[in-house]
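The structure appears below as structure tokens.
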Amino acid sequence: MDKIDLMFKEAYEYLKPYWNPKDGDIIYFEYTEKDKDFWKMKYEEAGKEYEPKDGWWYVDNNIEFKNNGTDRYSNHLKKEAKAWKARQEDLQEIFRNKTGNPDPLGIMILATEWFKRRKYHDNKSIWNDMGAMWLCFVMETCYNKTWDGKSWAPLEDR
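Per the numbering used here, the very first residue in the sequence shown carries number 73; after that it's consecutive.
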């Protein structure tokens, strides 16, 4: 797992309450043997072969055997996923919800000033990924956490 994937995986418990699964979301699964058997059976019922593997997956609303309704499927994803790679717009929405700041322009100004002040020289890959930058912004401004290269540490510990 690369550094940015790890950042999102480690932030999942903070982000999970705000996640409403939708097509195109990227989630991380770690399958138990029971899970693997279940999904193999479901795909076989649909006439397809499938070998479940741990890793990042796209949420796809067009899975043939998903006939039980979106709410049930969404709840299953939220329960079983080990991480969600939130998009920039999702992170901005989390910031709005956590801070009560509804002004998109104001949020962009705050984030731009924050990006200018932060120097992640030890981890330049963060600055090459807009999602990672927004994740760092949300984690620091909403949860008082900063990325230490391995986990989200309290700001005062850095």
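Quick reminder that beta carbons are idealized off the backbone N, C-alpha and C, glycines included.
Distance between residue j and residue i (C-alpha atoms, nearest Å)
i: residue 202; j: residue 160; result: 7 Å
i: residue 213; j: residue 178; result: 14 Å
i: residue 204; j: residue 125; result: 25 Å
i: residue 130; j: residue 209; result: 24 Å
i: residue 101; j: residue 152; result: 7 Å
i: residue 222; j: residue 198; result: 13 Å
i: residue 112; j: residue 190; result: 46 Å
i: residue 172; j: residue 181; result: 16 Å
i: residue 114; j: residue 75; result: 33 Å
i: residue 105; j: residue 128; result: 18 Å
Distance CB(residue i)-CB(residue j) smaller than 8 Å
i: residue 150; j: residue 93; result: yes
i: residue 80; j: residue 157; result: yes
Beta-carbon contacts of residue i that lie in its chain and below 8 Å, excluding the five residues immediately before and after
i: residue 211; result: 83, 86, 217, 218, 219 and 224
i: residue 186; result: 209, 212 and 213
Distance cut-off 7 Å: residue i Cβ against heavy atoms of the ligand ATP
i: residue 198; result: Inclusion of the ligand ATP in the displayed structure is not the case, the ligand content being empty and no account of it being possible.
Contact set for residue i: own chain, Cβ-Cβ below 7 Å, skip 5 residues either direction
i: residue 96; result: 130 and 131
Beta bridge counterpart(s) of residue i as assigned by DSSP
i: residue 155; result: 100
i: residue 226; result: 217
Contact between the segment 155 to 175 and the segment 85 to 100 (3+ Cβ pairs under 8 Å): yes
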